[in-house]
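Numbering (the UniProt record's numbering), first residue to last: 1 to 161. Note that beta-carbon positions come from the ideal geometry of N, C-alpha and C, so glycine has one too. Before any comments, here is the structure.
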């Protein structure tokens, strides 16, 4: 039977290194090569206990990946009148003994404005009159669209001087 030859795994684990400065047998060194071992990581991320505060002040706890201890919800759909219009507890109705109900007071103000409009006391007869009234103070503005950005910058420079 023939003698066994060394395997290639042994040859690659011990490699001779030579120095280019001298070729004497004392310069031949061997060192081992060791690759890093695989460290398996956990598959689930760590979760923190978080206290969530709703807009009405109520709170509940949940487990989440966020490290914040307290989270104030800005998108609270359960305690908001926009998302729950039929819930009477979410309506902002202020009752004062001196002024009465806020909703009734608003109706009274609207009634007074309607009476003024009937008597001719309102300065704006239509919505178009109201809008056109805002542009009365601008003499330098062109009729078709106003000032361009360059013209506005020039006008601002003139005002500063």
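*So residue 75 is in the alpha helix (DSSP H); what residue range does that whole segment cover?*
First-last for residue 75: undefined, no H or E at that position.
*Counting only the same chain and skipping the five closest in sequence on each side, list residues whose C-beta sits under 8 Å from that of residue 66.*
Leaving aside the five residues that flank residue 66 on each side, the residues in its chain whose CB is nearer than 8 Å to its CB run, in chain order, 48, 50.
*Indicate the three-state DSSP secondary structure (helix, strand or coil) for residue 212 in the structure shown.*
No statement about residue 212 is possible, as the shown extent of the chain runs from 1 to 161 and does not include it.
*Thinking C-alpha only, which one of 161, 78, 89 is nearest residue 54?*
78
*asked:* So for residue 50, helix, strand or coil by DSSP?
replied: strand
*Compare the beta carbon distance of residue 60 and residue 70 with 7 Å and say whether it is the shorter of the two.*
Cβ distance not < 7 Å, so residue 60 and residue 70 don't count as in contact.
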